[in-house]
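Sequence order for the protein chains is C and P.
For the first sequence, position 3 matches number 3 in this note's numbering, and the numbering has no gaps at all.
For the second sequence, position 19 matches number 19 in this note's numbering, and the numbering has no gaps at all.
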Amino acid sequence: AQSVAQPEDQVNVAEGNPLTVKCTYSVSGNPYLFWYVQYPNRGLQFLLKYITGDNLVKGSYGFEAEFNKSQTSFHLKKPSALVSDSALYFCAVSPRGSNYQLIWGAGTKLIIKP
Amino acid sequence: EAGVAQSPRYKIIEKRQSVAFWCNPISGHATLYWYQQILGQGPKLLIQFQNNGVVDDSQLPKDRFSAERLKGVDSTLKIQPAKLEDSAVYLCASSRAPLGQGTYEQYFGPGTRLTVT
Numbered sequence: 001a002q003s004v005a006q007p008e009d010q011v012n013v014a015e016g017n018p019l020t021v022k023c024t025y026s027v028s029g030n031p032y033l034f035w036y037v038q039y040p041n042r043g044l045q046f047l048l049k050y051i052t053g054d055n056l057v058k059g060s061y062g063f064e065a066e067f068n069k070s071q072t073s074f075h076l077k078k079p080s081a082l083v084s085d086s087a088l089y090f091c092a093v094s095p096r097g098s099n100y101q102l103i104w105g106a107g108t109k110l111i112i113k114p
Numbered sequence: 001e002a003g004v005a006q007s008p009r010y011k012i013i014e015k016r017q018s019v020a021f022w023c024n025p026i027s028g029h030a031t032l033y034w035y036q037q038i039l040g041q042g043p044k045l046l047i048q049f050q051n052n053g054v055v056d057d058s059q060l061p062k063d064r065f066s067a068e069r070l071k072g073v074d075s076t077l078k079i080q081p082a083k084l085e086d087s088a089v090y091l092c093a094s095s096r097a098p099l100g101q102g103t104y105e106q107y108f109g110p111g112t113r114l115t116v117t
């Protein structure tokens, strides 16, 4: 079965430090890859996507993600964390030919401490 | 542009009652999705529309859930009768993509938090 794994339920980072939120997937072919963020009592917001090309993609709010085909990973990164980055982050994968449906990870809670 | 609108934001009902949720997607977006999100989990797709046609409803519990998208714009999701396990946040999302014409991200509404007692 196709799946997306976010191995960490929670990531704690001090403000100003770099952050990484991990995502690996088990999906056949060359899927499309996405990151979304969910703030409390708000809907999901799109951060960035990988379709093809450069393995490092840049997105909103200073976030970027690195695609690694051999490791089937798509880790979310930011060079310097802000307290306002604290939220729930979801990795999602869309298999090609799937009518653009998304397979979602379970989410990682990111806590940035001042 | 205006975002995806959903109403109500919160709803509390007793089991066996019925409930309906409304969604207005971003103008011009061809594809509309309804998701169920249980606390601590990623969203689960319930149904996907393109314009006013159903693309996929394989995970919609059709004995109690129904959805429609008349005229290819607004959509409603109904639960009748509700069960305790239906307590969740119901998210509506829309995407510009007509299928096969590019890869567009989904834009989500704020969701409706349903509590079934």
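Cβ atoms here follow ideal geometry from the backbone N, Cα and C, with glycine treated the same way.
Integer-rounded CB distance, given that residue j should sit under 8 Å from residue i
i: C:Tyr32; j: C:Ser94; result: 4 Å
i: P:Lys11; j: P:Thr112; result: 6 Å
i: C:Leu44; j: P:Leu114; result: Not quite, the Cβ-Cβ distance comes to about 17 Å (not below 8 Å), so this is no contact.
i: P:Gly125; j: P:Tyr107; result: For chain P, the structure presents residues 1 to 117; residue 125 of chain P sits outside this window and is missing.
i: C:Leu47; j: C:Trp35; result: 4 Å
i: P:Leu77; j: P:Gln59; result: No, P:Leu77 and P:Gln59 are not in contact; Cβ-Cβ is about 13 Å, not under 8 Å.
i: C:Gly16; j: C:Ser70; result: Actually they do not touch by this definition, with Cβ atoms about 32 Å apart.
Local conformation of residue i per DSSP, three classes
i: P:Glu105; result: coil
i: C:Lys22; result: coil
i: C:Ser60; result: helix
i: P:Glu68; result: strand
i: C:Glu66; result: strand
i: P:Leu60; result: coil
i: P:Leu45; result: strand
i: P:Leu84; result: helix
i: C:Leu33; result: strand
i: P:Ile38; result: coil
i: C:Leu102; result: coil
i: C:Ala92; result: strand
Continuous beta strand (DSSP E) stretch holding residue i: start and end
i: C:Ser80; result: Note, C:Ser80: premise wrong, no beta strand (DSSP E); not H, not E.
i: P:Ser18; result: Element bounds for P:Ser18: n/a, residue is neither H nor E.
i: P:Ala30; result: Run containing P:Ala30: none; DSSP gives neither H nor E here.
i: P:Arg164; result: One cannot answer for residue 164 of chain P here, as it falls past the ends of chain P, which runs 1 to 117.
i: C:Ile112; result: 108–113
i: P:Ile79; result: 75–79
i: C:Ala5; result: 3–5
Local Cβ density within 10 Å of residue i, reported as buried at 16 or more and exposed below that
i: P:Arg9; result: exposed
i: C:Lys78; result: buried
i: P:Val116; result: buried
i: C:Gly107; result: buried
i: P:Arg69; result: buried
i: C:Gln2; result: exposed
Distance cut-off 7 Å: residue i Cβ against heavy atoms of the ligand GTP
i: P:Phe65; result: The ligand GTP is not part of the structure shown, which contains no ligands of any sort.
Across the segment 79–91 of chain C and the segment 106–114 of chain C, are there enough close Cβ pairs to call them in contact, namely three or more that are closer than 8 Å? yes
Taking three-plus beta-carbon pairs below 8 Å as touching, is the segment 59–69 of chain C in contact with the segment 15–27 of chain P? Short answer: they don't touch.
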